[in-house]
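**Q**
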Amino acid sequence: MENFPELNDSQVVLLRADVNTGHILDEEFNLAINEHQKVFTLFDAAEAALLFAKEILSKNPKVECVIYKKGRTMLYHITPENVHL
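With the first letter of the sequence shown counted as 1, position 64 gets the number 64 in our numbering; the numbers rise by one all the way through.
#1: Just confirm the distance between the C-beta atoms of Ala49 and Val12, as a whole number of angstroms; I'd bet it's less than 8 Å.
#2: Going by CA-CA distance only, name the one from Val39, Ile33, His77 and Tyr68 that's closest to Lys54.
#3: Can the beta-carbon of Leu42 be found less than 9 Å from the beta-carbon of Pro5?
#4: For chain D, find out if any of its Cβ atoms is closer than 9 Å to the Cβ of Lys70; answer yes or no.
#5: Leaving aside the five residues before and after Asp9 along the sequence, list all residues of the same chain whose C-beta is less than 7 Å from its C-beta, in chain order.
#6: Looking at C-alpha atoms only, which residue of Ser58, Met1, Val66 and Lys62 is the closest neighbour of Ala46?
#7: Is it true that the CB of Val63 sits closer than 9 Å to the CB of Ala32?
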């Protein structure tokens, strides 16, 4: 799987997972099984990542998203149950 990227203080990354299994998905929503698949989507601000996560879940309720900031600190865990945060 792709390594966690180096981020500056304002950047965040979004990671997708199967809501039933927790398995990591790539940007095409395929099961991430090798290091060539892109699993982290980079954003310059958390607000943009949060809007993107909500859009993903509105189209695919079997996905959950996690948004991380620098230092691998989790900011948001967006699931079908809490997508309306």
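Built from N, CA and C at the ideal position, the CB exists for glycine as well.
**A** Taking the coordinates as given:
#1: Sure, about 5 Å apart at Cβ, within 8 Å.
#2: A check of alpha carbon separations from Lys54 across Val39, Ile33, His77 and Tyr68 identifies His77 as the nearest.
#3: Result yes, Cβ atoms of Leu42 and Pro5 sit closer than 9 Å.
#4: This model lacks chain D altogether; it includes just one protein chain.
#5: So the qualifying residues of the chain are Lys70.
#6: Considering only alpha carbons, the answer is Val66.
#7: No, Cβ-Cβ distance for Ala32 and Val63 is not below 9 Å.
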